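Trainee: Chains E and A, in that order, are what the protein sequence lines are. If you're matching positions, the first sequence starts at 104 in my numbering and goes up one per residue. If you're matching positions, the second sequence starts at 105 in my numbering and goes up one per residue. The structure is given below, and queries will be raised subsequently.
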Amino acid sequence: MTLLITMFAAIVCTIIWYKNAPEDPWKTSILCLTFWGASLMWLVDGIVEYMEMGAEFFAPAPLDMLNDLFLGFSVVALGLILWLVVLFIKDPQNIIKGVLLRGGTNSQ
Amino acid sequence: MACFIVPVTEAVVVTIVDRVIQKMDKNLDTVEAKEEKQEGKIMPEGKSYIRKKLRWLSTMLWGGSFLLAFEHVWHGEVTPWFPFLTAASNPADKAEMLYEMSTSGVAMAVFVTTIWGVMVLVSRVLERKAVKIMLDVK
């Protein structure tokens, strides 16, 4: 479930990146690569688990599924927070700088 | 248990290589760089081309292992206190952890690197095709 949610997040981010390419004003490429990196790692984890458990891997207990669902959404939220932090630090369109400068002018 | 440590280690190595290339790029004087370009030792776009591609790998490795580490925290396999990895506290779990690192961890690092290699190869082919089309048009 975590793998599926992360993979869907990676696909959506890739579509958004492709729509804006070759420009990358929101640095969505970072988000794409992060989610794809995690998806590939979980895919390997899934394959190893499948080799150990067999078909049972595809029939998890409902409670495990619910836990994985929460984990998947938490992972996506954390990925988005990580991306926001990078975006605000890099500030490619100087939006934060503009807001701070305008705030400074208003306070005077 | 701690499979994410292997991709993290690779990410550290890739980041160091990236920094070394960045330093080399700055140190290269223009005459030397021109000679290298003429001899075909470096691509026309310079070493920054290699760095750009390395960034893909390092972002995938850092980002992926960060999210994977979070999963381990979620499952209680990583703790914020010593020894940080719960499996490291007893020898039996430690052996299992090392086994998992050498199988799943290595497989993860190799798989991500392979996919990155394919991405670089495909982008190189596409870039060359684009350049060829542009030259044909001219």
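Every residue, glycine too, gets a C-beta built ideally from N, C-alpha and C. In this text, all values refer to a predicted model and were calculated from it rather than measured experimentally.
Between the stretch 120-128 of chain E and the stretch 143-153 of chain E, are three or more C-beta pairs nearer than 8 Å?
Mentor: Too few Cβ pairs lie closer than 8 Å, so no.
Trainee: At the level of alpha carbons, what is the spacing between A:Glu181 and E:Ile119?
Mentor: Each residue's Cα considered, the two are about 34 Å apart.
Trainee: In whole angstroms, what is the alpha-carbon distance linking A:Leu177 and A:Leu239?
Mentor: Going by the sequence as given, residue 177 of chain A is Val instead of Leu. When rounded, the distance between both Cα atoms is 53 Å.
Trainee: Find the residues of chain E that neighbour A:Ser208, judging by a C-beta separation of less than 8 Å, and give them in chain order.
Mentor: By Cβ distance, chain E contributes Val147, Asp148, Val151.
Trainee: What residues in its chain sit with their C-beta under 7 Å from that of E:Cys116, if we drop five residues either side in the sequence?
Mentor: Only Thr131, Leu134, Cys135, Phe138 meet the Cβ criterion.
Trainee: Can you give me the C-alpha to C-alpha distance between A:Glu114 and A:Val121, rounded to a whole angstrom?
Mentor: Rounded to whole angstroms, A:Glu114 to A:Val121 spans 11 Å at the Cα level.
Trainee: Which same chain residues, not among the five before or five after E:Tyr153, have their C-beta less than 6 Å away from its C-beta?
Mentor: Excluding sequence neighbours, E:Tyr153 sits near Phe160.
Trainee: Buried or exposed: which applies to E:Ala162, given that a residue is buried once 16 or more other Cβ atoms fall within 10 Å of its Cβ?
Mentor: Exposed, since its Cβ has fewer than 16 Cβ neighbours within 10 Å.
Trainee: Count Cβ pairs between the stretch 196-204 of chain A and the stretch 105-113 of chain A that sit closer than 8 Å; are there 3 or more?
Mentor: Touching, per the Cβ criterion.
Trainee: List the residues of chain A that E:Val178 touches, going by C-beta distances under 8 Å, in chain order.
Mentor: Simply Leu171, Phe174, Glu175.
Trainee: How about E:Val178 and E:Ile108: are their beta carbons less than 9 Å apart?
Mentor: The answer is yes: Cβ separation under 9 Å.
Trainee: Would you call A:Val117 buried or exposed, if buried means 16 or more other Cβ atoms sit within 10 Å of its Cβ?
Mentor: Flag for A:Val117 reads exposed.
Trainee: Is the beta carbon of A:Glu175 less than 9 Å from the beta carbon of E:Leu174?
Mentor: Yes; because the gap between Cβ atoms is below 9 Å, this pair is in contact.
Trainee: At least one CB of chain E closer than 9 Å to the CB of A:Thr113: is that the case?
Mentor: By this cut-off, A:Thr113 is not an interface position.
Trainee: Please list, in chain order, all residues of the same chain as A:Thr190 whose beta carbon is under 7 Å from its beta carbon, the five residues on each side excluded.
Mentor: So the qualifying residues of the chain are Gly180, Glu181, Thr183.
Trainee: I'd like to know whether the C-beta of E:Trp139 is nearer than 9 Å to at least one C-beta of chain A.
Mentor: So, interface residue.
Trainee: Measuring CA to CA, which of A:Gly209, A:Val235, A:Val222, A:Met128 is closest to E:Asp219?
Mentor: Any property of residue 219 of chain E remains undetermined from this structure, which presents chain E solely from 104 to 211.
Trainee: Who does A:Leu189 pair with in a DSSP beta bridge?
Mentor: A:Val182.
Trainee: Give me the subset of the stretch 185-219 of chain A whose CB atoms are less than 8 Å from a CB atom of chain E, sorted by chain position.
Mentor: Answer in chain order: Thr207, Ser208, Ala211, Met212, Phe215, Val216, Ile219.
Trainee: Do E:Gly140 and A:Leu225 come within 9 Å of each other at the CB atom, strictly closer than that value?
Mentor: No, the Cβ-Cβ distance between A:Leu225 and E:Gly140 is not below 9 Å.
Trainee: Which residue's Cα is closest to the Cα of A:Ala173: A:Arg159, A:Val216, A:Gln126, A:Pro111?
Mentor: Answer by Cα proximity: A:Pro111.
Trainee: Name the chain A residues whose beta carbon is nearer than 7 Å to that of E:Gly201?
Mentor: Here the premise fails: no neighbours, minimum Cβ distance about 27 Å.
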